[in-house]
Amino acid sequence: MATADPPASDLDPLRYRDAGVDVVAGEQFAHGLADLARPAHRPEVLAGIGGFASLFALDRARYEEPVLVSGTDGV
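Taking this note's numbering, the leading residue of the sequence shown gets 1, the next gets one more, and so forth.
Now the structure itself:
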C-alpha cells in the first residue's frame, strides 16, 4: 500500500545549504569580485555589483536611450 505525503505542516523548510549553497561564502566572493571589478568601472556603468543584472549605457549620440542589460543568477 502506498503512503500519502505528510501534511505540509510536517515538511521541513527548504534551505539553500541543503542544496549545497553556502550563502555567506557567496557574499564574501561577491565582495571580492567587486574589489577586482572596481578598476574597470567606466562612466557608462549605471550600477555597481549587488543585483542580478548589470546596466551599461551606450553612446546617446548614436542611439535613443540605449542600455545594455546583462543578467545572471548563480543559484
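We put the CB at the ideal spot given by N, CA and C, even for glycine.
Per DSSP, reduced to three states, the secondary structure at residue 52 is coil, with no helix or strand assignment. Following the DSSP letters along the chain, one finds residue 68 inside the beta strand (DSSP E) bounded by residues 67 to 71. Contact annotation, residue 67 with residue 36: C-beta distance approximately 24 Å; criterion of less than 8 Å not satisfied. Selection 31, 32 and 59 evaluated against residue 43 yields 59 as nearest (Cα-Cα).
Residue 69 is a Cβ neighbour of residue 53, given a cutoff of 8 Å.
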